[in-house]
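Novice:
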Amino acid sequence: MSSKGMVRAIFLVVFAVWLMIWVMLPTKPYKNTWTPNLETTLNSTYFSGQETNLLLFSFPLMFIAAFGCAYLHFQNKSTDSSNHSKRLGLDSATALLKRPVVVMAPLGIVSALEITFAAMFVALLIWSLANYLYLSFGNLHMHKEGEKIWEAKLRSVSLRLGYIGNICWAFLFFPVTRGSSVLPLIGLTSESSIKYHIWLGHLSNILFAAHTIGFIIYWAITNQMAEMVEWSKTWVSNVAGVIAIVIAMPMWVTSLPQFRRMKFELFFYTHHLYLLYIFFYVLHVGDAYFCMILPGIFLFLIDRYLRFLQSRQRTALLSARILPCGLLELNFSKTPGLYYNPTSILFVNVPRISKLQWHPFTVSSNCNMETYELSVVIKCQGSWSDKLYKELGSSLDRLQVSTEGPYGPTSSHFLRHECLVMVSGGSGITPFISIIREIIFQIQKPNFKVPRVIMICAFKNSADLAMLDLLLPISGAPPQISQIQLQIEAYITREEEPMTETHKPLQTIWFKPSPLDSPISATLGPNNWLWLGAIISSSFLLFLLLLGIVTRYYIYPIDHNTEQIYHFSYRALWDMFLVCVCIFIVSSVVFLWCKKQNAREGNRIQNREIATPVTSQGVSPWFSGAELESLPHQSLVQATKVHFGSRPDFKKTLLDLKESDVGVLACGPRKMRHDVAKICASGLAQNLHFESISFTL
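Going by UniProt numbering, the letters in the sequence shown line up with residues 1 to 697, in that order.
(1) Excluding sequence positions up to five away, which residues of its chain have a Cβ less than 6 angstroms from the Cβ of residue 168?
(2) From which residue to which residue does the alpha helix (DSSP H) around residue 686 run?
(3) For the putative contact between residue 511 and residue 318, defined by C-beta atoms under 8 angstroms, what is the C-beta separation to the nearest angstrom?
(4) Could you tell me which residues DSSP pairs with residue 487 in its beta bridges?
(5) Using the Cα positions of residue 666 and residue 255, report the straight-line distance between them to the nearest angstrom.
(6) Does the distance from the C-beta atom of residue 489 to that of residue 456 stay below 8 angstroms?
(7) In this structure, does DSSP put residue 162 in helix, strand or coil?
(8) Under the DSSP definition of a beta bridge, which residues are partnered with residue 459?
(9) Judging by CA-CA distance, which residue of 242, 190 and 232 is the nearest neighbour of residue 704?
(10) As a quick exercise: from 100, 192 and 15, pick the residue whose alpha carbon is nearest that of residue 683.
(11) Whose CA, out of 73, 119 and 471, lies closest to the CA of residue 636?
(12) Report yes or no: do the stretch 109 to 122 and the stretch 250 to 270 share at least 3 C-beta pairs separated by less than 8 angstroms?
(13) Could you give the C-beta distance for residue 441 and residue 368, rounded to a whole number, given that I count them as a contact under 8 angstroms?
(14) How many Å lie between residue 216 and residue 229 at the Cα?
(15) Looking at the strands, I want to know which residues DSSP matches up with residue 108.
(16) Mind the definition here: the stretch 535 to 542 touches the stretch 579 to 598 only if three or more C-beta pairs lie below 8 angstroms; say whether that holds.
(17) For residue 52, which residues of its own chain have a beta-carbon under 8 angstroms away from its beta-carbon, when the five flanking residues on both sides are left out?
(18) Please go through the same chain and pick out, in chain order, the residues whose beta-carbon is closer than 6 angstroms to the beta-carbon of residue 436, but skip the five residues on each side of it.
(19) Going by beta-carbon coordinates alone, are residue 468 and residue 362 separated by less than 8 angstroms?
(20) Inspect the beta-carbon positions of residue 415 and residue 451 and report whether they are closer than 8 angstroms.
(21) Suppose the cutoff is 6 angstroms on Cβ atoms and the five residues either side in sequence are ignored; what does the same chain contact list for residue 212 look like?
(22) Can you find at least 3 beta carbon pairs, one from the stretch 348 to 356 and one from the stretch 390 to 404, that sit closer than 8 angstroms?
(23) To the nearest angstrom, how far is the alpha carbon of residue 680 from that of residue 385?
(24) Is the stretch 144 to 162 touching the stretch 176 to 191, taking contact as three or more C-beta pairs under 8 angstroms?
(25) Output the distance between the C-alpha atoms of residue 525 and residue 337, rounded to the nearest integer angstrom.
(26) Measure the CB-CB distance between residue 239 and residue 68 and report whether it falls below 8 angstroms.
(27) Would you be able to state if there are at least three C-beta pairs under 8 angstroms between the stretch 561 to 572 and the stretch 98 to 113?
(28) Once you ignore the five residues that flank residue 235 on each side, which residues in its own chain have a CB closer than 7 angstroms to its CB?
(29) Take the Cβ of residue 643 as the centre, count every other Cβ of all protein chains shown within 10 Å, and call the residue buried at 16 or more, exposed below.
(30) What are the uninterrupted segments assigned as alpha helix (DSSP H) that are 4 or more residues long and contained completely in the UniProt domain "FAD-binding FR-type" (310 to 413), given in chain order?
(31) Assuming residue 264 is part of the alpha helix (DSSP H), what are its boundary residues?
(32) By how many angstroms is the C-alpha of residue 14 removed from the C-alpha of residue 126?
(33) Would you mind reading off the limits of the alpha helix (DSSP H) that contains residue 215?
(34) Could you give the first and the last residue of the continuous beta strand (DSSP E) run that contains residue 510?
(35) Short of 8 angstroms in beta carbon distance, which residues of its chain neighbour residue 185, apart from the five on each side in sequence? Order them along the chain.
(36) Secondary structure at residue 426, three-state DSSP: helix, strand or coil?
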């Protein structure tokens, strides 16, 4: 076994042990044997009862996250781009597991592997609830004189539903940690796993709602409604739990698919209540349960704070291309050391339009071909993008922009296929622009085996054909593009024949540089993963150190040397405060150090930029009368066949492919992605490997 294989095996074993602890948590052996023995062995005045949960639930995942960063760093360093030429086709078992099985709303496109893990997770929840209730019903305690057995059971069921919701929270924050080192270790990105956050969010809210309703009914029938507003000094705070669920409800309602699509901005702003939700949730469950779900929250807060620091910088916007179809391409300055893979995304904020709104857009540039530039493509189909389009058309010489990212996959896995089929609808073509550019770059290398590329594009109007211009970078493409086995099938669905009217020319606007702007760079510089690993490990160790000091020299004397008992909720407050302080201190120091290093490189880049703004116009070669200016444009136009008044026949195209390993990528409207996924899931062809690129289900 290679060293990489051994490291991954260690991570797998640690993760399996962590999962096994969750399986054992609701059982009698854990309660009556494991916990007493561990508490006796680990008993310390420095952690006062938290040491067991910190060791069993927090340490394993923090270990994986910290050392996973080092693994990803050395993996990227040792990756030879020539490996792309190897056909690393999936074995039949893996291909079968990754094949779409369920294609339906509201679940979206779900593979056999995802269903397997989802079933295992649901089994864990059912197992935990059954064991909790078995132990609880066997030893019922009456909390009030005259309390009936069924009332005690109602209270017990309601309490255990909260325990099960806590399991969901142990996983809830990993999918939304964009710079996570945990997700890449299992081949995921935050964008591709956002649906897991949605599923866990809905499930946890259902469980917590049932937990709350159950207790309200119990208090009502036992005449204890005053318990709702009790803030106990020695046990959980009921009122904190009530406040938490009150905050959770609007977050949940606005996140429902129908509401989110119609009122996205309301969903966006309401979801920022998550900080208050976490705060009151932790006050409710206490420090012991907080330690059980700590890794996900800890890593999320590190990521969120680093993203905040990165987003405070102004980004150098070099130019913008305005296409006649209402599409924009923004070109930013970047440092040569910033590496990203195709299909990555960048979050963009334009304070002139909205200081609070951040929107994700696909990166269309290639970091190998365009060393000093990074481009994103924006389709004008909302109020924010429409305002941006108008701003760019108003003869601006400078536009203040902030960015966050880019985020994306850790490898160009799509190059492993013999044939690559990319299906897009409208602006869904944008992720494929970066893939085409990556292939253009890789083809210049000796012995690179180029996959046959079939691009199926569906557009509403012929003006949208201008999107194909973006397949070639603004700086031009090498003549080797003619060596790509590229076939583009463009379908114009709302026009029966080519339009004769003159289309608006493609417009390029150049902006004046500003000394306050800086090029886009990795948040923590070229060694981003190593620095992130240092932040995770250092901040967690600092947290343990400070927690031990506070517990031993402040909390412990109050508990044991006086007649008082230290307030139950204050312990949780200390935990949250120390987590935030440690993350703030360590992340700030590392970020400022790396920012200083990035600034030196940024100054060198600014010195090479042209300061004179120029506005240029050109005609797209897709429209009649346009001249083909270069060999790359000629090759691109010759590879394109335009179909008017028809829609693509996905089934015929996909089933006619003869290659043994065909990658099928789909991006665009949900119905189109689902139609393609259903064909790949039908079993009519075993050579199709489907992947959806989308933020929605």
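Quick reminder that beta carbons are idealized off the backbone N, C-alpha and C, glycines included.
Specialist: The answer reads as follows:
(1) 200, 203 and 204
(2) Segment: none, residue 686 is in no alpha helix (DSSP H) and carries neither H nor E.
(3) 6 angstroms
(4) 454
(5) 24 angstroms
(6) yes
(7) helix
(8) 492
(9) Because the chain here runs from 1 to 697, residue 704 falls outside it and cannot be looked at.
(10) 100
(11) 471
(12) no
(13) 5 angstroms
(14) 11 angstroms
(15) 104
(16) yes
(17) 35, 38, 39 and 42
(18) 471
(19) no
(20) yes
(21) 245
(22) yes
(23) 34 angstroms
(24) no
(25) 8 angstroms
(26) no
(27) no
(28) 568
(29) exposed
(30) 383 to 392
(31) 264 to 270
(32) 24 angstroms
(33) 194 to 221
(34) 506 to 510
(35) 8, 11, 64, 68, 71 and 72
(36) helix
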